[in-house]
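Worksheet for the structure shown next.
Residue numbers (our numbering): 418 to 563.
Next up, the structure:
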């Protein structure tokens with residue numbers, strides 16, 4: 418967390434500090450061993466392992482070296498139901514049903530090489546439906562914070 422000094426407060430003699438916070442809290446899912454796959458619309462190829470996730474983004478650990486920031490990757494991820502809560506919903510039928518799988522786009526914000534030669538890819542989930550994002554947020558609220 419970073420803080421910055423507000424220069425306008427010098428006029429009043431009051432020192433104000435503004436803190437920046439993430440929009441969504443990250444939750445540790447590393448121990449679940451969730452595999453993330455790249456998806457081309459017809460088949461899935463292993464990409465890596467989910468380290469942590471929020472309702473707005475995720476961190477993936479991978480051995481794939483050719484991923485760069487500002488790239489978009491279509492993903493397929495399946496999260497296990499937990500405490501009776503499914504992380505996503507299926508709205509394609511007549512009735513809304515629970516679902517454990519999501520396919521969508523990750524907009525890569527950063528790529529960092531780890532000391533053991535893997536890569537950590539962090540990014541935003543850019544095309545998630547509002548209902549899925551809400552269910553994912555509820556699901557993640559039962560998980561430990563990262």
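Each residue gets a CB set at the ideal place from its N, CA and C atoms; glycine is no exception.
Name the DSSP bridge partner or partners of residue 449? Residue pairing for residue 449: DSSP places it in no beta bridge.
Checklist entry - Got a sec, what are the start and stop residues for the alpha helix (DSSP H) residue 375 sits in? => result With the chain covering only 418 through 563, there is no way to say anything about residue 375.
- Would you report the Cα separation of residue 461 and residue 522, rounded to the nearest angstrom? Using only the alpha carbons, I get a separation of about 14 Å.
Query raised in the report: Which stretch, first to last residue, makes up the beta strand (DSSP E) that contains residue 475?
Result: DSSP places residue 475 in the uninterrupted beta strand (DSSP E) bounded by 474 to 479.
C-beta atoms of residue 496 and residue 456 nearer than 9 Å
Not closer than 9 Å, so no.
key: Residue interval of the alpha helix (DSSP H) (run including residue 550)   = Here the alpha helix (DSSP H) through residue 550 covers 547 to 557.
- [ ] Check each candidate in 552, 532, 483 and name the one with the smallest Cα separation from residue 464.
- [x] Checked all of 552, 532, 483; the closest Cα to residue 464 is 483.
**Prompt:** Leaving out five residues before and five after residue 401 in sequence, what residues of the same chain have Cβ atoms less than 6 Å from its Cβ?
**Reply:** Look at the range of the chain in this structure, 418 to 563, and you will see that residue 401 is not part of it.
Taking three-plus beta-carbon pairs below 8 Å as touching, is the stretch 543 to 559 in contact with the stretch 503 to 520? Result yes; three or more Cβ-Cβ pairs closer than 8 Å.
- Item | Buried or exposed (CB count within 10 angstroms, at least 16 for buried), residue 533 | In this structure residue 533 is exposed. Its beta-carbon is surrounded by fewer than 16 other beta-carbon atoms within 10 angstroms.
Q: With DSSP as the reference, label residue 438 as helix, strand or coil.
A: At residue 438, the pLDDT of 49 sits below 50, so the modelled position is not reliable; the number obtained from the coordinates is stated separately. In the structure shown, residue 438 sits in coil (DSSP, three-state: anything other than H, G, I, E or B).
> So, residue 467 versus residue 539, is the Cβ gap smaller than 9 Å?
Replying inline: Not closer than 9 Å, so no.
* To do: Output the distance between the C-alpha atoms of residue 441 and residue 511, rounded to the nearest integer angstrom.
  => Answer to the nearest angstrom: the Cα atoms are 31 Å apart.
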